[in-house]
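These notes are about the structure you will find just below.
There are 2 protein chains.
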Amino acid sequence: MRLAELSERSGVSTATIKYYLREGLLAPGHQINTTTAEYDEEHLRRLKLIRAMIQVGRVPVATVKEVLGHVDDDSLPRAMRLGAAVWALPQVPEPDADDEFVQGARIAMEELLKTLGWSNAQAMTAVSPSFRSLVVATAALRRLGYDWSPETLVPYARLMRQVAELDMEFMESHVSEAEKAEVAVLGVVLVEPMLQALHRLAQEEESTRRYGFE
Amino acid sequence: MRLAELSERSGVSTATIKYYLREGLLAPGHQINTTTAEYDEEHLRRLKLIRAMIQVGRVPVATVKEVLGHVDDDSLPRAMRLGAAVWALPQVPEPDADDEFVQGARIAMEELLKTLGWSNAQAMTAVSPSFRSLVVATAALRRLGYDWSPETLVPYARLMRQVAELDMEFMESHVSEAEKAEVAVLGVVLVEPMLQALHRLAQEEESTRRYGFE
DNA sequence: ATGCTTGGATAGTGGCACTCCCCAATGAAG
DNA sequence: CTTCATTGGGGAGTGCCACTATCCAAGCAT
Chain A
298 MRLAELSERS
308 GVSTATIKYY
318 LREGLLAPGH
328 QINTTTAEYD
338 EEHLRRLKLI
348 RAMIQVGRVP
358 VATVKEVLGH
368 VDDDSLPRAM
378 RLGAAVWALP
388 QVPEPDADDE
398 FVQGARIAME
408 ELLKTLGWSN
418 AQAMTAVSPS
428 FRSLVVATAA
438 LRRLGYDWSP
448 ETLVPYARLM
458 RQVAELDMEF
468 MESHVSEAEK
478 AEVAVLGVVL
488 VEPMLQALHR
498 LAQEEESTRR
508 YGFE
Chain B
298 MRLAELSERS
308 GVSTATIKYY
318 LREGLLAPGH
328 QINTTTAEYD
338 EEHLRRLKLI
348 RAMIQVGRVP
358 VATVKEVLGH
368 VDDDSLPRAM
378 RLGAAVWALP
388 QVPEPDADDE
398 FVQGARIAME
408 ELLKTLGWSN
418 AQAMTAVSPS
428 FRSLVVATAA
438 LRRLGYDWSP
448 ETLVPYARLM
458 RQVAELDMEF
468 MESHVSEAEK
478 AEVAVLGVVL
488 VEPMLQALHR
498 LAQEEESTRR
508 YGFE
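So the protein lines, in turn, are chains A and B. Taking the working numbering as reference, the numbering of the first sequence is continuous, increasing by one, and the terminal residue is 511. Taking the working numbering as reference, the numbering of the second sequence is continuous, increasing by one, and the terminal residue is 511.
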């Protein structure tokens with residue numbers, strides 16, 4: 298298939314596909330001659346994945362490239378590919394380490410992981426971007442005067458652990474379909490917006506159930 | 298307090314505060330004369346909230362204004378203020394209604410809400426931005442060949458319902474502190490990044506527990 | 001009197017995700 | 001064989017966003 302067909306079947310304009318090719322998000326097609334390149338089903342699938350990451354997952358173009366690089370890195374075992382890909386996803390900016398709220402939040406979150414017994418996560422606290430996000434969000438809440446303590450977070454964390462178990466089960470049941478770490482990346486990039494949407498719907502539902510429209 | 302002090306105590310540059318004032322995010326200070334305005338603790342608190350929404354919640358400036366407008370709308374009851382504020386939050390763009398995947402996803406998600414018995418959410422399917430996000434994400438997954446059916450989502454939705462219950466409990470326990478709908482907005486804008494971070498940490502933990510570093 | 005700070009306003013910056021336009025080569029149609 | 005739309009490639013331009021910089025006249029503090 299040529300560029301025009303790839304564009305039509307994916308719903309992405311040729312100009313944008315060219316842009317992705319230039320940025321190295323999409324592998325070049327098989328070059329037949331100076332003015333013709335052939336694309337296959339794998340290109341189409343990859344393009345759909347890229348679009349989903351950008352539009353649904355709101356992942357920046359540069360980050361998509363990095364994430365896909367990790368996904369394709371055959372030298373890494375599966376769990377590490379997922380880890381590397383997730384670590385590349387955009388997170389909150391580095392906090393000011395001197396800030397008292399940040400320091401307090403960090404200690405509280407380390408305590409949280411200890412309480413939960415998440416030993417792997419505990420070992421990663423110094424470097425994990427997810428842990429950093431957690432600290433930054435907690436610090437922001439504390440700065441606003443909310444005592445967001447480990448005890449408050451423990452039930453949230455246990456629920457998210459159950460969500461992660463569902464993720465893993467979904468992955469396992471689909472390994473045959475696309476055996477790459479792609480499924481894992483989708484599990485983060487596309488499932489997160491769904492969780493967010495479900496969370497907001499659940500809040501509306503619960504809020505209406507409790508308080509009605511008073 | 299004058300502008301300089303507001304800047305120092307919030308960690309936001311005077312130029313940026315002026316920008317927020319211009320954009321109408323922050324109420325003007327009490328004007329003493331042509332060249333002096335006085336700000337109070339409420340301004341400081343509001344500024345911290347704005348910063349948290351922008352930096353941690355990644356909410357665009359224009360949206361922050363809209364959300365705060367709903368939060369301050371005394372003519373609405375609490376549940377509706379929360380709803381209005383959440384609806385103003387950025388969501389995925391309007392999907393192509395003609396797309397077959399979008400249509401299929403919409404039907405599947407309506408079925409999901411029916412199964413869950415979320416009657417309020419069900420009544421809102423036509424307009425709720427959260428429902429739309431859910432449909433768009435599901436359609437993207439289906440387009441990639443994953444049969445993401447209502448049955449797969451039910452356990453996720455039940456877990457998010459439990460999360461929403463925790464949110465409500467947190468809100469109730471803090472009504473005294475800042476009785477406005479502010480707490481509810483925080484519950485969405487700041488809790489979501491925390492949930493996301495916890496989700497990713499839980500995935501890492503669960504992935505390592507199951508597969509180690511093979 | 002002087003020099004710094006104030007609010008107010010305008011213009012500029014840098015990043016991002018495209019989008020437009022031009023090019024020479026080419027393959028398809030008549 | 002001639003026309004002509006299409007191809008991949010590349011550079012420049014666009015629109016939006018969140019600031020950021022600069023200028024200004026008025027005032028307050030010393």
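Just so it is clear, CB atoms sit at the ideal spot from N, CA and C, and this is done for glycine as well.
Quiz item: Is A/S310 close to chain B, meaning its C-beta is less than 7 Å from at least one C-beta of that chain?
Solution: Closer than 7 Å: no.
Quiz item: Out of curiosity, what's the CA-to-CA distance linking B/R440 and A/K345?
Solution: If you draw a straight line from the Cα of B/R440 to the Cα of A/K345, it comes to about 8 Å.
Quiz item: Going along the segment 474-501 of chain A in order, which residues come within less than 9 Å of chain B, judged by CB to CB distance?
Solution: Taking a C-beta cut-off of 9 Å against chain B, the contacting residues of the segment 474-501 of chain A are E474, A475, E479, V480, A481, L483, G484, V485, L487, V488, E489, P490, M491, L492, Q493, A494, L495, H496, R497, L498, A499, Q500 and E501, listed in chain order.
Quiz item: Which residues in chain A sit within 7 Å of B/K345, going by Cβ to Cβ distance?
Solution: Simply R440 and L441.
Practice problem: Can you check the segment 303-378 of chain B for any alpha helix (DSSP H) of at least 4 residues that lies completely inside it and give the ranges in chain order? | Solution: Given a length threshold of 4 residues, each whole run of the alpha helix (DSSP H) inside the segment 303-378 of chain B is given here in chain order: 311-320, 338-348 and 358-368.
Quiz item: Under the criterion of a Cβ to heavy atom distance below 6 Å, does B/A420 qualify as lining the ligand HEM?
Solution: Annotation note on the ligand HEM: not contained in the displayed structure, which lists no ligands.
Quiz item: Looking at the unbroken alpha helix (DSSP H) that takes in B/T422, where does it start and where does it end?
Solution: In this chain, B/T422 is not harboured by any alpha helix (DSSP H), its DSSP state being neither H nor E.
Quiz item: In whole angstroms, what is the alpha-carbon distance linking A/Y508 and A/L492?
Solution: Rounded to whole angstroms, A/Y508 to A/L492 spans 24 Å at the Cα level.
Quiz item: Of all the CB atoms in chain A, is at least one closer than 7 Å to the CB of B/G380?
Solution: Yes, B/G380 counts as interfacial toward chain A.
Self-check item: Spatial distance of B/R299 from B/T313 (CA atoms)
Solution: The alpha-carbon atoms of B/R299 and B/T313 are separated by roughly 15 Å.
Exercise. Name the residue from B/A423, B/E397, B/L413 and B/L456 whose alpha carbon lies nearest to the alpha carbon of A/G308.
Key: Among B/A423, B/E397, B/L413 and B/L456, the Cα nearest to that of A/G308 is on B/E397.
Quiz item: Applying a beta-carbon distance threshold of less than 8 Å, which residues of chain A neighbour B/N417?
Solution: The contacting residues are E501, E502, T505 and R506.
Exercise. Tell me whether B/G509 sits in a helix, a strand or coil according to DSSP, three-state version.
Key: Correct three-state label for B/G509: coil.
Quiz item: Do B/S430 and A/A494 have their C-beta atoms within less than 7 Å of each other?
Solution: With contacts defined as CB atoms closer than 7 Å, B/S430 and A/A494 qualify as a contacting pair.
Practice problem: Tell me whether B/E503 is buried or exposed, calling it buried when 16 or more other Cβ atoms sit within 10 Å of its Cβ. | Solution: A residue is called buried when at least 16 other Cβ atoms come within 10 angstroms of its Cβ; B/E503 meets this threshold and is buried.
Quiz item: Are the C-beta atoms of B/V460 and some chain A residue less than 7 Å apart?
Solution: B/V460 counts as touching chain A.
Quiz prompt | Simplified DSSP state of A/Y453, which is helix, strand or coil | solution = Secondary structure of A/Y453 (DSSP, three-state): helix.
Quiz item: What three-state label does DSSP hand A/H471 in the structure shown?
Solution: Secondary structure of A/H471 (DSSP, three-state): coil.
Exercise. Starting from A/L463, find everything on chain B with Cβ-Cβ shorter than 7 Å and list it in chain order.
Key: Within 7 Å Cβ-Cβ: P452 and Y453.
Quiz prompt | Inter-residue spacing [alpha-carbon to alpha-carbon] between B/V364 and A/Y336 | solution = Within the model, the alpha-carbon separation for B/V364 versus A/Y336 is close to 45 Å.
Self-check item: Beta-carbon proximity of A/M350 to A/V368, cut-off 7 Å
Solution: Cβ distance not < 7 Å, so A/M350 and A/V368 don't count as in contact.
Self-check item: Below-7 Å beta-carbon distance, A/V356 vs any chain B residue
Solution: Not an interface residue.
Exercise. Sort A/E320, A/Q500 and A/P490 by Cα distance to A/Q352 and report the nearest one.
Key: Per the Cα distances, A/P490.
Practice problem: Could you check how far apart the C-beta atoms of B/I347 and B/L323 are, in whole angstroms? I think they sit under 8 Å. | Solution: Sure, about 7 Å apart at Cβ, within 8 Å.
Quiz item: Sorted by chain position, which residues of the same chain lie with C-beta nearer than 6 Å to B/A436's C-beta, five sequence neighbours on each side aside?
Solution: Only F398, V399 and A402 meet the Cβ criterion.
Self-check item: Partners in chain B for A/Q352, counting only beta-carbon separations shorter than 9 Å
Solution: Ordered by position in chain B, the residues that pass the 9 Å Cβ test against A/Q352 are V389, P390, V433 and A437.
Quiz item: Nearest-angstrom Cα distance between B/P390 and A/R342?
Solution: Taken atom to atom, the span from the alpha-carbon of B/P390 to that of A/R342 is near 22 Å.
Quiz item: How many angstroms separate the CA atom of A/T486 from the CA atom of A/T333?
Solution: The sequence shown places Val at residue 486 of chain A, rather than the Thr named in the question. Whole-angstrom Cα-Cα distance: 33 Å.
Quiz item: Applying the criterion that 16 or more other CB atoms from any shown protein chain within 10 Å of the CB defines a buried residue, is B/N417 buried or exposed?
Solution: The C-beta of B/N417 has 16 or more other C-beta atoms within 10 Å across all chains shown, which makes the residue buried.
Exercise. For B/L456, go through chain A and note every residue whose CB falls closer than 7 Å to its CB, in chain order.
Key: B/L456 reaches chain A at L456, Q459 and V460, counting residues in chain order whose Cβ is nearer than 7 Å.
Practice problem: Can you tell me the Cβ-Cβ gap for A/M468 and A/G442, rounded? I've got them flagged as a contact below 8 Å. | Solution: Going by Cβ atoms, the distance from A/M468 to A/G442 rounds to 40 Å, so no, they are not a contact pair.
Quiz item: To the nearest angstrom, how far is it from the Cα of A/E338 to the Cα of A/E407?
Solution: Their backbone Cα atoms lie some 46 Å apart in a straight line.
Quiz item: If you follow the alpha helix (DSSP H) that B/Q400 is part of, which residue opens it and which one closes it?
Solution: If you look at B/Q400, you'll find it in the alpha helix (DSSP H) that goes E397 to L413.
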